[in-house]
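Notes to accompany the following structure.
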Amino acid sequence: MSDPEEPLLNLRNPAVRARLAGGLPAVIWMLDSWGLTRAQQAELLTLRPTTLRQVQRAVVLPALNMDQVMRLSFLTGIYRAVYALYEADTAAGWMRRANGRAPFLGQTPLGYLLAGGIPALLATRRLLESDLGGQFTGTPSTQALARSLPQPDIQLDD
Numbered sequence: 160m161s162d163p164e165e166p167l168l169n170l171r172n173p174a175v176r177a178r179l180a181g182g183l184p185a186v187i188w189m190l191d192s193w194g195l196t197r198a199q200q201a202e203l204l205t206l207r208p209t210t211l212r213q214v215q216r217a218v219v220l221p222a223l224n225m226d227q228v229m230r231l232s233f234l235t236g237i238y239r240a241v242y243a244l245y246e247a248d249t250a251a252g253w254m255r256r257a258n259g260r261a262p263f264l265g266q267t268p269l270g271y272l273l274a275g276g277i278p279a280l281l282a283t284r285r286l287l288e289s290d291l292g293g294q295f296t297g298t299p300s301t302q303a304l305a306r307s308l309p310q311p312d313i314q315l316d317d
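For the sequence shown, the residue numbers in my numbering are 160 to 317.
As structure tokens, then:
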């Protein structure tokens, strides 16, 4: 996530948002690499598909609102984490592959993100960041199975 020593950016400032909008072409490239359609990308970013095409052709770099800047940040973090956690082939298909883990619960991450907006983006980024930190979670059924396994008897020497 962010460095605790780093000051928070003022996303109310149009100049800050304009600077951060410079990352939009890279985010479009990331979403392209996941095989997302322009309509899916537009929905995730809350931009029009025509705007995304214009950004790719370097015709326009739109002014983004705070919501859109947050979406860029979440998607960048999700992409970074997926490619850090998985082999390239697995990472490339991750967004479109059904996932049994919470919070996806059998949906594809893409379906979950499209349905859930910013809360889903945040939950997904947090999940992947915790995975990067070694705090893997499982499905409810694997967690129940783990709880049902016999516990080993451990004797500690005094």
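All residues carry an ideal CB built from backbone N, CA and C; glycine is no exception.
Nearest-angstrom Cβ-Cβ length linking residue i and residue j, presumed shorter than 8 Å
i	j	result
PRO208	ALA201	4 Å
VAL159	GLN213	Since the first and last residues shown for the chain are 160 and 317, residue 159 lies out of range.
Local conformation of residue i per DSSP, three classes
i	result
PHE233	helix
PRO268	helix
TYR245	coil
PRO275	It should be pointed out that residue 275 corresponds to Gly in this sequence rather than to Pro. Helix, per DSSP.
GLU288	helix
ILE313	Since pLDDT at ILE313 reaches only 49, below the 50 mark, its modelled position is unreliable, and the value read off the structure follows with that caveat. Three-state DSSP puts ILE313 in coil, outside helix and strand.
ARG239	helix
Exposure label - residue i; buried when at least 16 CB within 10 Å
i	result
THR249	exposed
VAL186	buried
ARG171	exposed
LEU167	exposed
Rounded separation between residue i and residue j - CA only
i	j	result
ILE277	LEU264	18 Å
THR267	LEU204	18 Å
TRP253	TRP188	16 Å
VAL175	LEU244	31 Å
GLY275	GLY292	24 Å
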